[in-house]
Each structure stands twice: as C-alpha cells, then as structure tokens.
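Visitor: Could you have a look at this structure, given as structure tokens, before my questions?
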Amino acid sequence: MKKEQKYAPAKIEKKWQKKWAAAKIYKTKEGGKTGNKSSPQDKYYVLDMFPYPSGEGLHVGHPKGYIATDVVSRMKRMQGKNVLHPMGFDAFGLPAENYALKMKKNPMDLTAKNVKRFKDQLEILGFDYDWSREVNTTDPKYYKWTQWIFLQLFKKGLAYESFEPINWCPSCKTGLANEDIENGRCERCGTPVEKKPMRQWVLKITDYAERLLNDLDAKNNDGKPLLDWPESIKEAQRNWIGRSEGALIKFRFQGRTLEVEVFTTRPDTLFGVTYLVLAPEHKLVQELLADVENRKEVEEYVSKARLETEIERTDVKKEKTGVELKGIKAINPANNEEVPVWVADYVLADYGTGAVMAVPAHDERDWEFAKKFDLPIKDVVRHVWGNKLPNEEFRKSVCAIVRNKKDGKILLLKWKNGEKWISPVIGGVEDRESYEDAAVREVLEETGYKAKIVEPISFEIDSHFFATHKGIARHRTIKHFLLETNEDSHVGVSKKESEKHELFWTTLDDAISCITHSDNKIGLQGIKSGNYSYIGEGVLVNSGQFNGKNSEEVKKEITDFVGGKWVTKYKLRDWVFSRQRYWGEPIPIIHCGKCGVVPVPEKDLPVKLPKVKSYEPTGTGESPLAAIKNWVNVKCSKCKGPAKRETNTMPQWAGSSWYYLRYEDPKNAKKLVDPNKEKYWSPVDLYVGGAEHATRHLIYARFWHKFLYDIGVVSAIEPFKKLQNVGLIMGEDGRKMSKRFGNVVNPDDIVNAYGADTMRIYEMFMGPFDQQISWSTSSMVGARRFIERVWKLRKHTASEEGEAPTGRVDKILHKTIKKVTKDIDDLKFNTAVSSLMIAANELEKVKSISREQFEILLKLLAPFIPHVADELWTGFGNKRSIHVSGWPVCDEKLSAEEKVTIAVQVNGKTRGSFEALIDIPDDELKNKALSLPEIKKWIDGKVLKKTIVVKNKLVSLVASDLS
RNA sequence: GCCCGGGUGGCGGAAUUGGUAGACGCCACAGACUUAAAAUCUGUUGAUCCUUUGUUGGGUCGUGCCGGUUCGAUUCCGGCCCCGGGCACCA
127 MKKEQKYAPA KIEKKWQKKW AAAKIYKTKE GGKTGNKSSP QDKYYVLDMF
177 PYPSGEGLHV GHPKGYIATD VVSRMKRMQG KNVLHPMGFD AFGLPAENYA
227 LKMKKNPMDL TAKNVKRFKD QLEILGFDYD WSREVNTTDP KYYKWTQWIF
277 LQLFKKGLAY ESFEPINWCP SCKTGLANED IENGRCERCG TPVEKKPMRQ
327 WVLKITDYAE RLLNDLDAKN NDGKPLLDWP ESIKEAQRNW IGRSEGALIK
377 FRFQGRTLEV EVFTTRPDTL FGVTYLVLAP EHKLVQELLA DVENRKEVEE
427 YVSKARLETE IERTDVKKEK TGVELKGIKA INPANNEEVP VWVADYVLAD
477 YGTGAVMAVP AHDERDWEFA KKFDLPIKDV VRHVWGNKLP NEEFRKSVCA
527 IVRNKKDGKI LLLKWKNGEK WISPVIGGVE DRESYEDAAV REVLEETGYK
577 AKIVEPISFE IDSHFFATHK GIARHRTIKH FLLETNEDSH VGVSKKESEK
627 HELFWTTLDD AISCITHSDN KIGLQGIKSG NYSYIGEGVL VNSGQFNGKN
677 SEEVKKEITD FVGGKWVTKY KLRDWVFSRQ RYWGEPIPII HCGKCGVVPV
727 PEKDLPVKLP KVKSYEPTGT GESPLAAIKN WVNVKCSKCK GPAKRETNTM
777 PQWAGSSWYY LRYEDPKNAK KLVDPNKEKY WSPVDLYVGG AEHATRHLIY
827 ARFWHKFLYD IGVVSAIEPF KKLQNVGLIM GEDGRKMSKR FGNVVNPDDI
877 VNAYGADTMR IYEMFMGPFD QQISWSTSSM VGARRFIERV WKLRKHTASE
927 EGEAPTGRVD KILHKTIKKV TKDIDDLKFN TAVSSLMIAA NELEKVKSIS
977 REQFEILLKL LAPFIPHVAD ELWTGFGNKR SIHVSGWPVC DEKLSAEEKV
1027 TIAVQVNGKT RGSFEALIDI PDDELKNKAL SLPEIKKWID GKVLKKTIVV
1077 KNKLVSLVAS DLS
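Using the working numbering, read the first sequence as starting at 127 and increasing by one per residue.
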C-alpha cells in the first residue's frame, strides 16, 4: 500500500464496479431442487419496487430505497444467506405513452432509451443487483405470462365483460379503475372524470375482498403478524376495502308487485323511515316511470345527474337535490306505513343496492334532505345519558337555549349553589303543559326575558343522574329548544330567582365549552353543526314491540322481523381492466360472430403488441389497435371462422402485479415460475418502496397472488412478508423535487463531486428511513468527512508485530457489531451509521489498532460504502472481495461493560453520579450515593424517607424536612 | 367528519418494560496549522439566572398545550392544539 494515497472516489468506484461484475460476486445461486442444496431458511429475497422509467431521469431521492435494499442484501450475503436482490423495469402504461406522444416518438423505442439511461444512473452507485435476472414488463417473453394470468382469471370467471358506466378520462381518452381516481380526477392528468357507459373488461377483485381484508391481520403459528407491514398501509387498505355489515331489506310498492331492496347498517331505525331514495341510475326508476305523475321532471333530473362529473356529484358541500316520484308509495315492512319515494343523486348507484331507506332523525344526510324538502322526521332512537338509578324521581323537562337576536350570543346561567354549574335555562314541565309552553315560561321566570321559540332542536333525550344538591336520583326526559329574544324584552326577575343564579351572554363556541353538564350541551352542538339528527346508539321508541330495547342489540332482530338478510358489503369495486390505449399488454381475447368471446389458446401466447404508425388514442372506446386490420382480423380459434381481436389493452398495473415471481425464474419459457424455485424463494422477505402504492399496486399484487395461490401456481398466501416504506427526499426548499421548482439535485453530480459512497451513507444517515426529509448538500459533507477519517484510520493499524490489541478496542468493536447488525435488520440505518461514526471516533483516540480489528470495522462499513471498504480491505492483501467475506459476530463477553455510571437523584432530581462496577449490590450503591459530597448537601438536615435503587442505573433518595 | 402516523436545541435527528434528555451529524463560534485562504485538527455550543474574573462552581426552567399517576414522565393516563397521510354523500 502506498503511504500517502489520498481518497479519490472517482478512481476507485469505477474500478470496483468493473471488478465485481467480472468476478460475478453478486450472481444469485439457483434455489430449489433444480439448484443448490441450500435450505429455504438460508435464502433471503429482498426486493425494490421496480421503477417506471420515465423520461425525466433520476433525482437523488429515487435511489434512497435502492440504497437501503443494497445495504440489507450485502449484510445478508456476508451473513451467508443466499440472496436474491433483483431489478427490472415497469414500462407499460399511460405515463410512458403520454410522454411518447408529447415527444412524438414511438413508446417502444423511447422505453428502451429510458431503461438504458436509468440503468446507467443506477450503476454508478455500485448496487449489487444480479442483472442476469432483469425483467421488463414490455418484453413479449414477460407479458406472455401476464396474458396467461388473464386467461386463467377468465377461465375461473374472474375476468368478465361489462357494459356498466365507468370512469372515463376525457383527456387520456381511456376508462379508469376506481383506484386511478383522486378526488374525482384522473390521477395522471388531473382532468375531472366522467361517467361513460362502454364495453370493458373487469376483474372480480371483490371476490377476494374478505381475504384481502382478513389476511392483513392474520397471525403466524408463532403469534406474530403474517404481514410485517406499516400500520398506516394496512389501515389504508382496510379503508379502501371498506367492509361494513348491515341488512338487506325489501320494501313493496303500494298497489304493485314490484319490490325494492335497500341496504342499511341501521335496521334498528327501520320504524323511523319517512321516505325512500333511489339513485338516478337505479333500474326501478325506469320501470316505475310510466306510472309517475311528474314523469318529465323525473326524466330531466335523471339525465342531468348522468351528465355530472364525479366531482360535481360527490361534493359533500353541495346542496342536496332530488325529485319525488309522485304517485308512487313504498310500504315500510315494519309498520306497513306508506312512505314517498324519491330519486336523488346523494344515493350512489354502485354501492349497496343503489337504494336507501331514509331515516332523517338518525342520519345526517337524510336529515339535510328532509329539511330541504320538508319531509317528516320521526324519532326512533332516544339518546340516553347515565344509567338507570334506584328510586328515581321522573321529570319531564326542557332545556331552553336563548339566543340574542342582535349578536347571536347565547344566554347562560351561573349557579350560586356552590357547585359552580353553568347551564342554559332548564326546568320542569308542569302537568298538562306542553314542552313549548314550559320552555317559554321557564325563560321568563328564570331570566326575565320574553322569548319566542325558533325551533325544537332535539327529540327527547333521557338523562339519569343523582342530584347531589337535593340528595335524590332523577330521571329527566329533556327536550331542547332554540329561542330568540332581544334586550328590550327584559322585564325583570324575582329576587328568589336572582339569588339562585346570575345571567351572562356568551358566544356559541364558548357556551359549548363552559357548560358543565354534557346533556345540556346537545342542543348547542346541534346548532353549531346545523344538523339535529342523532346518529348514536340509544333506546328505541316509536318502534312497536321493540320499544325500550338497545339500538345496537336489536339490529338483527328487526332484520329478521321483516324478513331481511344480514350481509357484508365492501366499498372496493371490481377492477376495471380495459384501457383504450396502445401502450399496454393486448388482452388475449377473440370476438367471434358465432362463438362469442373466445380466449386465445395458451399455445398462441404471447399476443404481441404490433408496431403501429399512429398510436394516438381515438376516444371512441376503441384502442388505436382497432385500426390495424391485419392484426385485428383473425380466425376464430374455435370455429376457424372470421373473428376480431380484442383491441383493449391492460392497465399499467398488470405487469407489476406479479413481477416479483418472475425474478425467481426469469427465463422460464414453459412456466410462469418453476414450482420448486417458487417454493424456495417465496415469499419476498423484504419489500421496499413508496407509501403511495398502498391502495393500488399492493392491493392488486395481493389479489393476483391469492388467485395464483388458488390455482396452485404459488405456495404462500401472501407475496410480501415484510414491507418497508421509503420516505421521500424533498428539495432543499422543502418542496417536492421538480423541474418546475428548480430544486432538483441530480445524483450524477453528487457522485462526481463527492463520490457514490458519500451519497449512499449520507442518504442512510440523514434521518429515519421511512420519513420524508429535505435534502441538504451541506449536511452531506459530514458523510464525506467520515469516509476520509476511516480512510486515514488505516494508517493507524499496527504493523504485523505491533501492539497487542487492547480490551477497549474490542469492546468498542463488539458493541458496534451488535448495534449495527440489529439496526440494519430493523432498517434503522441512521442509527447504524451513527454507531459506526462513534466507533471510528473511539478508534481514532486509541494509539493503534490491529489489522484484524480494523477489518471488523471495514466489514461493518462494507454495506454502506462498498467501494472504499473493498479498496482498504484488499489493501491489506486480502484476495477475495470484502463483500463475500463473513459478517462479524458479536462476542458478548468482549462487548460487556464492567463499569457503569450510577446516577443519584434526590427527590426526583439528578444531583450527582458515580462510577461503579457492574452488578454490585444495592446496599453498596446506596451507601456510596449517600457518601457523595454533592449529595450530602441536599439531604443534610433532612429525614431520609425512602430509597429506590435500580440496578446498574441509579439511586433515588427521597428526603423531607425534619419537621 | 371518521381512521392512522407524528410534534424533542439554530437545523436533521438520538434516547421506550418510566431511570442522568439532546447521542451522531450539520451550522455557528474560538483556537492550532498557513504569508493567506481552503482543507484538516482541537475545543465550545438548549434557555435563563446567580457566582467567579483565580475563567470556575452552582440554581431554576426545558421534549406541542393543560391536568393526573409516580420517588422520578419525552415515555403511562385524561382533555385539548397543531402538522402529515388515508377514507369520505359508502346509507
């Protein structure tokens, strides 16, 4: 080794990348029976979400996840695992196609170029991918199997043609899946999505909803979760799948045989139904139309609703609209009451049955609708406060909220009874007096204000409580009212009343927070929200034989009573799988005039995507492929008669739904994956990628995997054992890195200026891996300094006959081995790097270290800074690369501390500390603590009341004054 | 609105069966080296008050806010506020 060789990353990095490639040290050994004999316990499959090679190129944020898997895979390899760490490209789909259209290039050529550029950019970072296993979703050898999976789905009835209206992006000119929509807009281009009826292929993902949901919480035999995934991703999937249980209940129509079925999660409120609502698209609307008195009005409403975009339609703030089907009445099966039937767009056609029973008293949306159209509101669930008490005295009472007409302030009473109560006007209802009269009378008596009732706010609520000031248990039935008054209507108040409480005016918000009893707040909360429906649980009233029962407990009983069915519904929709675009896998289907829909025989796969001159989307519901006559026109594979190919293509998410399996056996021409190899490698042990894939890629892949499991292609029920999210790297200005903001940092520039190793270790060090964080080039220099110090540390090594290794060095090293190993396993790279820095700092302080000791440090560093590590490693004369050497193992004996610092606290505050041998008895620690001068100072003249000793940690003394 | 994360110095962050808050790094400041600068090395670096001017020693406060449990709370409990994300007219 030359003595004063300077650290020059540019020189060593290229050199090592070539050497590694030449020596094939990262080539994965074959698994399974066909391969080596290593057992599945020795394998480790670590996977990145493969990139979508856009034309934009990389910024420093993109490789962060790849660096992490690289670190993990390198450690696992050194630990003797058979590591599979592959990389490939997801290149079909809208983004590439739109970009190609913009650039006026063929997407096929452009994709090849982008992939090349992407690979070059990845290569300079020194990753350990086994490129011999590279996959590309646009390669016919690959998409042959994507098409094959589609055929299997078709055979099982899980791929079907549908003519239902779907989401259509008028700008991208294609249909979209529910998952491709963000707040009513196309996720790609932001254009508001329209509903468009058209023929399309749909995958029945809803058949798997239950399993997709349940397996999120499944446990292994050892009680650990089957999916070691971030809770946020699991939660996002639960929300997306959106399971809810409820009842299907049939309503007959007055004077006809027709029935309508509604779905409700609240069959307990059935007696409170005051009208029925059908979605505008509901079939029955058309069927009933002939007998509807206001037919024209209804028709107009329905066609208007069809034209609305998703955004207009689902805007929560929008006022409710609807039209009554005049002359049509439905019959409530619970009490045979006739209720009107309405059409309104607040009912969604594609959830539940597209029809709902409206219970305005107990549903906010129905309440709003009923208020607007002046429909009756019938209370059937009574809100109850507190539990029934013995010997209750029953009272009907009112809670009168008085509002000042001028400034909207609310009148409250501050009670002088010593309990510090604050309440609105409350009082009992006299015999033969109405609630309304009582409210007005009480306000006048207690406050001296003449007030008028504006509206009742709630139905009766029940309150059970113990009136401490009177010493009796009470049961009140309370009704809240809103009244209005103005200051000049004050007529004075009796002395008796003014002794009881004083009056004050305050704002609505303030009133809600200062009222002392929550049963008196309900009215005010209703006024604040503008909605007086009660959606909580309670006791049934006005519900015939079910009166007095708890609403939660009575749900199934009422369902049975009316012959309803208890069912489970999901928000998850079937996966709209057709795209009317060029750049995707052709759907392997033939349409024959005689035979109908015919699957392409498996032996004819792949159905290759033909080269075309014009791949502009047509917007007609046909893809550009429809124009290629010699491709479209084929012989029917059944009857050999003239037929046409399906011209729709698959969505972007098709190829990525199974690619992880192909890495296990990338060249297999006969099978998607060899079962032995699949058994050996599956599942993926660690999967790293962005959280934005929570409800698309990760749901689709789980769905396909479960299907492949069902048809015996794969052996595990879930594809990805552990999932780790990578946090975005933002620009230095805290915004997303984007050309638009001019804050893009290019990895090539960073590597040129500082070296790949510096960029790698900095990205691992900058913060918790899964957290979003801003790039900081100035912070990164610390990483470069650290590498320089390690570089210099090599001079620190003693010559062969040098000094004997000290215990201190071994202790530092073995503690570091333990920490770094655990941290990498837990993907806490920032603290792993931090402990490596600490170790290097410590080693610098020591006079000299042995070669073996330095090599331990190098091995721990190797996953993070592979080039420097190998350069220094071979500098010591090692022949084989450090990356195929063994990972150090912590020797607990060497890493154990014999001395610890004991903290001493007096009355909970740390007042001193001392060094002590490990594990010495409590008594000795206590005595030593008491003898310290800085401690004596605090306990002199006091009585020691208690002593707490925590082994190897602290002594806590509790002392108090003598008196 | 519902659900899931999170809130710690000038900055990124560390510390979890409750036990010395601020590891590690950046920035900043001071010193060494240098004709000089850069680089490098050494040291200081939460706020505030007292003491010292023999240059140090010590007190109080401090992990979003308020309250509670405890000898002791960033950590546990109750109530709020703010930020990020998911879902949202899903009956």
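Beta carbons: idealized from backbone N, C-alpha and C, even for Gly. Since this is a predicted model, take the numbers as computed values, not measurements.
With DSSP as the reference, please indicate the residues paired to Tyr170 in a beta bridge.
Guide: Val209, per the DSSP bridge assignment.
Visitor: Ignoring anything shorter than 3 residues, give me the beta strand (DSSP E) runs that lie fully in the segment 470-504, in order along the chain.
Guide: 481-484, all fully within the segment 470-504.
Visitor: Quick one: grab the DSSP three-state call for Ser639.
Guide: In this structure, Ser639 counts as helix in the three-state DSSP scheme.
Visitor: Mapping the DSSP letters down to three states, classify Leu698 as helix, strand or coil.
Guide: It is coil, neither helix nor strand.
Visitor: Please report how far the alpha carbon of Asn530 lies from the alpha carbon of Trp541, in whole angstroms.
Guide: Their backbone Cα atoms lie some 21 Å apart in a straight line.
Visitor: Excluding five sequence neighbours on each side, which residues of the same chain lie with their C-beta closer than 8 Å to the C-beta of Lys761?
Guide: Excluding positions up to five away in sequence, the list reads Gly767, Pro768, Ala769.
Visitor: Can you look up Phe218 in the DSSP assignment and give me helix, strand or coil?
Guide: Residue state, collapsed to three classes: coil.
Visitor: Identify whether Ile837 lies in helix, strand or coil by the three-state DSSP scheme.
Guide: The answer is coil: DSSP assigns Ile837 none of H, G, I, E or B.
Visitor: Assuming contact is defined by CB atoms lying nearer than 8 Å, are Ile503 and Thr395 in contact in what I supplied?
Guide: Not in contact: Ile503 and Thr395 (Cβ atoms no closer than 8 Å).
Visitor: Helix, strand or coil, according to DSSP, for Met892 in the structure here?
Guide: Correct three-state label for Met892: coil.
Visitor: Distance, Cα to Cα, Lys848 vs Ala842?
Guide: Roughly 14 Å separates the two Cα atoms.
Visitor: With a cut-off of 8 Å on the beta carbons, I'd call Pro406 and Val428 a contact; round off their distance for me.
Guide: Indeed they touch by this definition, with Cβ atoms about 5 Å apart.
Visitor: Please name the residue in His601, Gly747, Trp701, Leu983 whose C-alpha comes closest to that of Glu968.
Guide: Taking only the C-alpha atoms, the option nearest Glu968 is Leu983.
Visitor: Tell me, which residues are paired with Gly553 by DSSP?
Guide: Answer is Val524.
Visitor: Buried or exposed: which applies to Leu433, given that a residue is buried once 16 or more other Cβ atoms fall within 10 Å of its Cβ?
Guide: Answer is exposed; the Cβ neighbour count stays below 16.
Visitor: For Thr435, I'd like the list of residues in its chain whose CB is within less than 6 Å of its CB, leaving aside the five on either flank, ordered along the chain.
Guide: Here the set comprises Pro318, Glu320.
Visitor: What residue from Phe592, Val619, Leu538 has the CA that sits closest to Leu609's CA?
Guide: For Leu609, the nearest C-alpha among the options comes from Leu538.
Visitor: Going by CA-CA distance only, name the one from Ala995, Gly372, Ser659, Leu1080 that's closest to Lys1035.
Guide: If we check each option's Cα against that of Lys1035, Leu1080 comes out closest.
Visitor: Provide the residue span of the alpha helix (DSSP H) that contains Pro135, from first to last.
Guide: Segment 135-149, the alpha helix (DSSP H) holding Pro135.
Visitor: Is it buried or exposed, Phe289, if we count other Cβ atoms within 10 angstroms and call 16 or more buried?
Guide: The residue is exposed, with fewer than 16 neighbouring Cβ atoms inside 10 Å.
Visitor: Quick check: what's the CA-CA separation for Lys682 versus Ile715?
Guide: Approximately 45 Å between the Cα atoms of the pair.
Visitor: Taking contact to mean 3 or more Cβ pairs, one atom from each stretch, closer than 8 Å, check whether the segment 572-583 and the segment 614-633 are in contact.
Guide: They touch, by the three-pair rule.
Visitor: Tell me which residue opens and which closes the alpha helix (DSSP H) that Val411 is part of.
Guide: Start and end: 409-414.
Visitor: Does the separation of the CB atoms of Ala817 and Ser358 fall below 8 Å?
Guide: Contact: yes.
Visitor: Taking just the CA atoms, how far does Lys1005 sit from Lys129?
Guide: Reliability of the predicted coordinates at Lys129 is poor, the pLDDT of 44 falling under 50, and the value obtained from them is presented with this limitation in mind. Each residue's alpha carbon lies about 20 Å from the other.
Visitor: In terms of residues, what are the limits of the alpha helix (DSSP H) holding Gly649?
Guide: Run containing Gly649: 648-655, per the alpha helix (DSSP H) assignment.
Visitor: In the structure shown, what three-state DSSP assignment does Met885 receive?
Guide: Looking at Met885 - three-state DSSP - the assignment turns out to be helix.
Visitor: Give me whichever residues DSSP pairs with Gln278 in a beta bridge.
Guide: Answer by DSSP bridge pairing: none, since Gln278 is not bridged.
Visitor: Skipping 5 residues on each side, what residues in its chain have a beta carbon closer than 7 Å to that of Lys862?
Guide: Answer for Lys862: Met856, listed in chain order.
Visitor: If contact is defined by three or more beta carbon pairs under 8 Å, each pair taking one atom from either stretch, is the segment 681-697 in contact with the segment 736-748?
Guide: No contact exists between the segment 736-748 and the segment 681-697.
Visitor: Output the distance between the C-alpha atoms of Glu981 and Leu962, rounded to the nearest integer angstrom.
Guide: Distance between the alpha carbons of Glu981 and Leu962 is about 13 Å.
Visitor: Go through its chain and collect everything with a Cβ distance to Ile454's Cβ below 8 Å, but skip five positions before and after it.
Guide: Cβ within range, chain order: Phe379, Gln380, Leu414, Asp417, Val418, Pro466, Val467.
Visitor: Which stretch, first to last residue, makes up the alpha helix (DSSP H) that contains Tyr741?
Guide: Element bounds for Tyr741: n/a, residue is neither H nor E.
Visitor: Helix, strand or coil for Ile716, going by three-state DSSP, please let me know.
Guide: Residue state, collapsed to three classes: strand.
Visitor: With DSSP as the reference, identify every bridge partner of Ala593, one or two as the case may be.
Guide: According to DSSP, which records beta bridges pairwise, Ala593 is partnered with Ile598.
Visitor: Over what stretch of residues does the alpha helix (DSSP H) that includes Val1030 continue unbroken?
Guide: Here Val1030 belongs to no alpha helix (DSSP H); instead the beta strand (DSSP E) covers 1025-1032.
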